[in-house]
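Presented below is the structure to which this report refers.
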Amino acid sequence: MMRSYNPDVQPPASRSLLPTQQELATRRASGISGVLNRDYLPSASTQLASGKVQIYHTESERYSPGGTENGQGSEPVRDRIVAERSAADAEALDLEEANGRTHGNAIRLDDPSLEVEDSTGYGHGNGNHLGLNGDSDSGDGRPHQGDGDLAGSDFSAEPIAAEPERGLLPVLKNRNFLTLWSGQVFSQLADKVYLVLMIALIASRFQAAGQTISGWVSSLMIAFTIPAVLFGSVAGVFVDHWRKRAVLVFTNLLRGGLVLALPILLWLTQDLQPFVGLPVGFLVVLSITFFVSTLTQFFAPAEQAVIPLIVERKHLLSANSLYTMTMMASVIVGFALGEPLLAIADRLLQPIATSLNLGPDLGKELLVGGSYTIAGLLLMLLRTKEKTVDADESLPDVWQNIRDGLRYLNGQRRVRAAMIQLVILFSIFAALAVLAVRLAEIMPELKSSQFGFLLAAGGIGMAIGAVLVGQFGQRISRAQLGLYGSIGMAASLAAISLVAHHLLPTLPLLVMLGACAAIVGVPMQTAIQEETPAAMRGKVFGLQNNAINIALSLPLALAGIAETFFGIQAVFLGLALLAIVGGVLTWSISRTQSTEKSP
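Per full-length UniProt numbering, the very first residue in the sequence shown carries number 1; after that it's consecutive.
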């Protein structure tokens, strides 16, 4: 509908785009200068005179009797508002721009996407700022020119903006995320192949003929697990006080340096006498494993915390789906292809290793250490727009920060429920890692040493599920996705219990289990990122990693015992029950919180 502007018609005096002078003073005292509140927008009436947008501080200035300061003339009083932002305001707003969101329900004056729908009929235009054509004031005080004069002419409503892009494509266009993702590919590959490398070193250097490898591997796993239990939460506290980009870069470079130094250290210690009954070279392997695992405790929360800094909130689900897909692809490579990859690397570098007398495993060490190093170099290109850290800032009170994180989780039911479901999810897959060995043993088509193919099937399913969630998951709530995925996991586990002795029906069920696990895991991780403020992410993700690492140890210890006493069918049915309980719990908590927030 076309309307003509009539300067003789005055807008209703009760409508105002901005707060009163008293409200403005109160907001400036609170450090919120240069920000409009959306609560004023639905009933706001834009005021047009000579094709210009007029914004007034107070109702008395808004429309004076004569339209000028002295009461004479026909034009309204013009009093443009200049957005005066302090350095802290500007930094906070820049950070929110990177995230694609604003604090609470506030919007910036210079936001080019801001549009006001004038329901009163006093102003309809197709300009840029405030949904109008003509001059308007930006947040930095500079006028924005429109493409026409609206005074005394007809004008039509601004057409509705196109729906924003969804799915994986917008994330793949994000250069910063591509940088992080590329670094993740090499880092995750090194993580998953590292244990395969250590076991290969033990078998070739320390295991005696006819001796079982179990004792050596158990010692290795203890060295790998202790840092996760001791430093998981502590690392998250420090990550909150350090620049995430620096943490990502240095943890990868240091891990790469440790692994690359391993051939030299083993060569230097090969002729030393055993210490406390153990070869010195094996103690070197345990020490490097301990330090690599410790650095990983800092890398993991920093990686999770940096994703919301470089990805807009509306694209977090897609970003996490790609993250999960990459992690699962690395699981496939690590379990199913890790040993062949290491063997190929050894063959390629065997002449160099022989000439330098550095042992037969030089290719393996260069592959893993080089992957960590490449990840660190790639992450140097990452730009996160983080706040500059004060060099004089004292070290954080670790225990107080951990208590702050626990207190935050206690007050955030949705975050707590999502974390509980993630712990349940990882516990189920930890048990599956143990049960896969037993499955391979009872299947005529496989040997027990080929259990990695069963885990790889689950990894393929998780990659498929992650892609589906990233492409289509925005249409469904996080809680519903978690519930549907949990139901699918329970159905898959129950079905596996019925066909556990046969490979062909088990493989597609494992793929389905993995896909449903991604439908649970990706939305839950995204929900934690969305609901957790930037200042708390390191603490929360540190607590999450700590809880997951502790929870992983229980299924690893108990799954085999339970299978021995109750049978593999009963154990799979118990895991199915656990999956459905986790899904229903998270769904019910989310519904309860939504009901409490609704008027």
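Note that CB positions come from ideal geometry on N, CA and C, so glycine has one too.
Source: prediction; values computed, not measured.
A Cβ-Cβ separation of about 18 Å leaves A440 out of contact with P555 under the 8 Å criterion.
In this structure, DSSP gives L278 an extended state, which the three-state scheme calls strand. Assignment of alpha helix (DSSP H) within the stretch 189-248, counting only whole runs of 4 or more residues, yields 214-241 in chain order. Counting only residues of its own chain and dropping the five nearest sequence neighbours on each side, L454 has a CB closer than 7 Å to the CB of A436, L439, A440, L510. Contact check for G369 against L253 fails: the beta carbons are separated by 7 Å or more. Distances from the alpha-carbon of S204 to those of N320, V285, R255, K539 put V285 closest. Here S293 has A223, F224, T225, I226, P227, A228 as same chain residues with Cβ atoms under 8 Å from its own Cβ, once five neighbours each way along the sequence are excluded. In the DSSP assignment, I460 falls within the alpha helix (DSSP H) that extends over 452-472.
With 16 or more other Cβ atoms inside 10 Å of its own Cβ, V434 counts as buried. Per DSSP, P444 is not a residue of any alpha helix (DSSP H), being assigned neither H nor E.
A contact between stretches requires three or more CB pairs, one per stretch, nearer than 8 Å, and the stretch 567-574 fails this requirement with the stretch 271-280. Contact between the stretch 512-531 and the stretch 460-477 is present: 3 or more CB-CB pairs across the two stretches fall below 8 Å. Counted as a single uninterrupted DSSP element, the alpha helix (DSSP H) harbouring T373 occupies residues 362-379. Of all C-beta pairs linking the stretch 241-250 to the stretch 367-383, three or more are shorter than 8 Å, placing the two stretches in contact.
When A527, L446, I352 are compared, the shortest CA-CA separation from A319 is found for A527.
Note on R383: under 16 other CB atoms within 10 angstroms of its CB, so exposed under the neighbour-count rule. Contact annotation, K539 with D240: C-beta distance approximately 6 Å; criterion of less than 8 Å satisfied. About 33 Å separates the Cβ atoms of P301 and L362, ruling out a contact at the 8 Å cut-off. Ranked by Cα distance from T532, the first of P444, G411, P508 is G411.
In the three-state reduction of the DSSP assignment, V259 falls in the helix class. For a cut-off of 8 Å, the C-beta gap from T586 to G482 is around 5 Å, short enough to register as a contact.
The beta carbon of I589 lies closer than 6 Å to those of R413, A417 in the same chain, with the five residues before and after it left out. In the three-state reduction of the DSSP assignment, S427 falls in the helix class, which pools H, G and I. At least 7 Å separates the beta-carbon of F177 from that of I344. P505 sits exposed, since fewer than 16 C-beta atoms from the chains shown fall within 10 Å of its C-beta. With a 10 Å radius around the Cβ and a threshold of 16 neighbouring Cβ atoms, I424 comes out buried. Judged by beta-carbon spacing, I442 lies beyond the 7 Å limit of H502, meaning their Cβ atoms are not closer than that value. Around the beta-carbon of P444, fewer than 16 other beta-carbon atoms lie within 10 Å, marking it exposed. By the C-beta density criterion, G583 is buried, having at least 16 other C-beta atoms within 10 angstroms.
Contact check for S187 against N546 fails: the beta carbons are separated by 7 Å or more.
In this structure A463 touches A329 by the C-beta definition: roughly 6 Å separates them, less than 8 Å. The beta carbon of L265 sits closer than 6 Å to those of V284, all from its chain and outside the five residues before and after it, given in chain order. Note that the C-beta distance between T269 and G257 is not below 7 Å. Around the beta carbon of F566, fewer than 16 other beta carbons lie within 10 angstroms, which makes this residue exposed. The three-state reading of DSSP puts R414 in helix, counting H, G and I together.
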